[in-house]
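Notes for the one structure printed next.
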Amino acid sequence: MLVEALALSAVLFTIGVIGVLTRRNAIIIFMCVELMLNAVNLSFVALSTLHGATGQVFVVFTMTVAAAEAAVGLAIIIAIFRHTQTVNLQNINILKG
Amino acid sequence: MMHHTSLLLQVASGQLPPTMGWFVIFAIIKMLVAFGIYLVCVAYTTFAERRIAAWIQDRHGPNRVGPQGIFQVLADGVKNFMKEETLPGGANKVMFILAPALAFIPSLVTWAVIPFASPLPVPGVGLIDMVVANLPIGFLFTLSISSLGVYGLTIAGWSSNNKYALLGGLRASAQMISYEISMGMSTVCVLLLAGNVGLNEIITQQASQGWNVMLLTMAFFIFAVSSLAETNRVPFDLPEAESELVAGYHAEYSSMKYSMFPIAEYANIITASSLMVTLFFGGWDIPFTSWDNLPPWTALKTVLTMGLYVGKVMFFVFTFIWLRWTLPRFRYDQLMSIGWKVLLPMALVYITVVASLTLGLDAAGVVRTGMGFKAAMLGMNLVFVGLVFWVLDRGRIVSPAFSRIQRAEIAHLRAVSERSDLSNQQGT
Amino acid sequence: MQVNQFHSLFYAFTFYFFGLVAIASAIAFVTRKSPVAAAVWLVLVMFSLAALYVMLDAQFIGAIQVLVYTGAIMVVFLFVIMLLNLGNPSELADARGKWGYLAALLIGLVMLAEVMALTRSNTIDRMIPPDLAAKAAAAAAAPLAGGVIGPIAAPLFNEYLLAFELTSVLLLAAIVGAVVLSKRRTNAR
């Protein structure tokens, strides 16, 4: 099952990367990042069947960091939305040029 | 030869765990029987609520349909089926139909890990655990699946295309996720004493060390208040308050889709009561005796422990209903401040106190199952309870409103009312 | 022998089922126009991942995944989407022109090649040193002491104690940051 789990993790990570590259809505991009984090968690847990419980300990850390990042990132998106009334990343390009 | 005979005897009397095939068969039987009985209990809890409410309010409840009104539930079910199913114009159809299911399914599934009797020996098959799914993660499963119940409310509120429903849905889900935290923190105290999250192990620990309501009184109090808020019951039922939000998140629902929400609420009540009984009142354990906790397991033990478990759960369901018809409800900001500013710090401080006391007692060599441990924990609990209710509270939350007025204020108010009393004025 | 074969067949079937549900939900998630629908599909992805964690003998991580990820983080996402009223299907097309599609396609092909390289079993077998494989087999056979939480809690509080304490500081910083960033600026005049 290790091989299948690692393959699934790679596929989910790819789908997350494709989502980040092709979507323009800031919140959906953020959710694709969460999908990538989940794929990495899956590969940690799959490898922990081989290397012991350390993998699961690191999954706990990853989840904590993901939760903290989600909270702060969403607060930033709310602040940007209050200012520019949009979450479309193509319109949030004030620092460009 | 002797080994074979004794093994045969053990299998014949049903004291060993069953083989895989029998395990699957009995798992299916348990699922069907247990969930069938559970759903009937949920339906009759609605009937019980109406009768108990009537009793508290000094009137008769529904007592016409069938002897003493027992078939009222059937009549309600038929009525719900026959009503027209509405779908608001601008509503998102898929989400609108999905939301009641999302609210209903977690409330049923959470009950699957709660043990309701001591193991039943089936001759020739083995020892069947009286729990639908004996998971090693025990009450973590219940906590995590009940946190999925938030989605039903939020999506119901949003997909109704109705501002009041959206506000009700968001308020309900904010309330639920706030109180999940203090609920989880209070169960950490149980984990500290039991050393395991599996519910059968927690019951075994309580059988040997004493019920957790004696050892962890504040954790029980925090858990009880948090589960009142989790299940959206009075005094925390503002999100469904009819007077303010026109029924809140289920305003646009009718007939069967609507009745999923109250069924989910009553299922949550029964699950919360079962969890309180299992974590703090010993589950199916018969107090003051260890006859029911030791092998050989017999069917008599199973029946007696099941009866006791059902009695305990019914008492707590009665308490939930009793509280609904006795207390007024909290305002939303009061509700949120109780969850974050009162219960969460209290739970964290209590975890620290319990952990340090347990560590100190273990270092001092006090044995966990002895009277010394019980006495120490009980003493600590009395101190903590006294501190919280009589010193810190000072009449703000627990005492009635009139106790908050100081004597100076009463004198001032009397003076003001005497000055402005029109009937005392001379002349015109 | 019969039972073992049935057992491993059942296990493989369940694993592939949840894996396919995860992939299908992830593709549905990435292609939805409405953020609320996308969030619900992501919840389904995380839930099937929790099922996979339980099958990989990480029951505590599975429970924590449902509790933290689906029960808290995705709820916060849904809250923000609903409060900012972004739930309606986005009227704009999403891909950034045909070069965006092409870049995504190339990256997808590269990762697919990597996956195919990984799944050739002799690659994996060559990467695992034999003594580690023996230790893993022994660890799989030994029952867990202290229930499911013991093996995770012991390293967390012994070897990784510093990381644990630093994570609590990180969480505090995140809480304070989130509250400060989302406060309304009232101009004090």
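Residue numbers (the numbering used here), protein chains in the order written: chain B, 4 to 100; chain P, 425 to 852; chain E, 337 to 525. A virtual CB, placed ideally from N, CA and C, is assigned to each residue, including glycine. As the structure is a prediction and not an experimental result, all values here were calculated from the model.
CB contact flag (residue i, residue j, <8 Å)
{"i": "I410 of chain P", "j": "L544 of chain P", "result": "Since the first residue of chain P shown is 425 and the last is 852, residue 410 of chain P is not available in this structure."}
{"i": "G576 of chain P", "j": "A527 of chain P", "result": "yes"}
{"i": "V412 of chain E", "j": "A73 of chain B", "result": "yes"}
{"i": "G706 of chain P", "j": "I627 of chain P", "result": "yes"}
{"i": "A42 of chain B", "j": "L517 of chain E", "result": "no"}
{"i": "G608 of chain P", "j": "P560 of chain P", "result": "no"}
{"i": "M418 of chain E", "j": "L572 of chain P", "result": "no"}
{"i": "Q59 of chain B", "j": "I488 of chain E", "result": "yes"}
{"i": "N805 of chain P", "j": "M642 of chain P", "result": "yes"}
{"i": "M730 of chain P", "j": "P524 of chain P", "result": "no"}
{"i": "Q492 of chain P", "j": "W749 of chain P", "result": "no"}
{"i": "L40 of chain B", "j": "T65 of chain B", "result": "yes"}
{"i": "L292 of chain E", "j": "M4 of chain B", "result": "Past the boundaries of the shown model lies residue 292 of chain E; chain E is included only from 337 to 525, so the question cannot be answered."}
Contact with chain B by residue i, beta-carbon distance below 8 Å
{"i": "A364 of chain E", "result": "no"}
{"i": "M418 of chain E", "result": "no"}
{"i": "I485 of chain E", "result": "no"}
When the options are compared against residue i, the one with the closest alpha-carbon
{"i": "G735 of chain P", "options": "P:R475, P:G573, P:F540", "result": "P:F540"}
{"i": "L811 of chain P", "options": "P:E604, P:V773, P:L559", "result": "P:V773"}
{"i": "S650 of chain P", "options": "P:S602, P:L747, P:M506, P:L526", "result": "P:S602"}
{"i": "A440 of chain E", "options": "B:V90, B:L5, B:V23", "result": "B:V23"}
{"i": "L388 of chain E", "options": "E:V366, E:F349, E:V416", "result": "E:F349"}
{"i": "N91 of chain B", "options": "B:A10, B:I81, B:A29", "result": "B:A29"}
{"i": "V766 of chain P", "options": "P:I453, P:Y462, P:L699, P:F647", "result": "P:F647"}
{"i": "L445 of chain E", "options": "B:A13, B:M4, B:L5", "result": "B:A13"}
{"i": "V737 of chain P", "options": "P:K798, P:L590, P:I694, P:G460", "result": "P:I694"}
{"i": "T470 of chain P", "options": "P:V612, P:V457, P:D500, P:Q481", "result": "P:D500"}
{"i": "Y437 of chain E", "options": "B:L5, B:L15, B:F47, B:V20", "result": "B:V20"}
{"i": "A580 of chain P", "options": "P:Y673, P:E604, P:Y468", "result": "P:Y673"}
{"i": "A10 of chain B", "options": "E:V416, E:A453, E:V404, E:P371", "result": "E:A453"}
{"i": "I605 of chain P", "options": "E:L442, E:G355, E:E450, E:V404", "result": "E:V404"}
{"i": "V809 of chain P", "options": "P:Y588, P:F447, P:H484, P:M638", "result": "P:M638"}
Buried/exposed call for residue i, threshold 16 Cβ in 10 Å
{"i": "R26 of chain B", "result": "buried"}
{"i": "P769 of chain P", "result": "exposed"}
{"i": "I31 of chain B", "result": "buried"}
{"i": "T443 of chain P", "result": "exposed"}
{"i": "Y352 of chain E", "result": "exposed"}
{"i": "S841 of chain P", "result": "exposed"}
{"i": "G803 of chain P", "result": "exposed"}
{"i": "G513 of chain P", "result": "exposed"}
{"i": "A429 of chain E", "result": "For A429 of chain E, the predicted structure reports a pLDDT of 49, less than 50, and the residue's modelled location is therefore unreliable. The matter cannot be settled from this model."}
{"i": "G44 of chain B", "result": "Note that residue 44 of chain B is Asn in the sequence shown here, rather than Gly. Burial call: buried."}
{"i": "Q496 of chain P", "result": "buried"}
{"i": "G398 of chain E", "result": "buried"}
{"i": "E689 of chain P", "result": "buried"}
{"i": "P530 of chain P", "result": "buried"}
{"i": "F61 of chain B", "result": "buried"}
For residue i, the first and last residue of its enclosing alpha helix (DSSP H)
{"i": "G576 of chain P", "result": "573-583"}
{"i": "P524 of chain P", "result": "517-533"}
{"i": "L718 of chain P", "result": "Neither: L718 of chain P is in no alpha helix (DSSP H) and is coded neither H nor E."}
{"i": "I646 of chain P", "result": "641-654"}
{"i": "K681 of chain P", "result": "679-704"}
{"i": "N41 of chain B", "result": "29-54"}
{"i": "K503 of chain P", "result": "496-506"}
{"i": "H836 of chain P", "result": "831-843"}
{"i": "Y603 of chain P", "result": "587-618"}
Delimiting residues of the beta strand (DSSP E) encompassing residue i
{"i": "P545 of chain P", "result": "544-546"}
{"i": "G460 of chain P", "result": "Taken as a continuous stretch (DSSP letters only), G460 of chain P belongs to no beta strand (DSSP E), being part of the alpha helix (DSSP H) at 444-480."}
{"i": "L551 of chain P", "result": "550-552"}
Chain E within 8 Å of residue i, Cβ atoms only
{"i": "W479 of chain P", "result": "no"}
{"i": "V60 of chain B", "result": "yes"}
{"i": "F565 of chain P", "result": "yes"}
{"i": "V75 of chain B", "result": "yes"}
{"i": "I31 of chain B", "result": "yes"}
{"i": "L98 of chain B", "result": "no"}
{"i": "T722 of chain P", "result": "no"}
{"i": "T611 of chain P", "result": "no"}
{"i": "W715 of chain P", "result": "no"}
{"i": "M34 of chain B", "result": "yes"}
{"i": "P560 of chain P", "result": "yes"}
{"i": "P441 of chain P", "result": "no"}
{"i": "M425 of chain P", "result": "Its pLDDT being 48, under 50, M425 of chain P is placed unreliably by the model, and nothing is read from it."}
CB contact check: residue i to chain P, cutoff 8 Å
{"i": "G407 of chain E", "result": "yes"}
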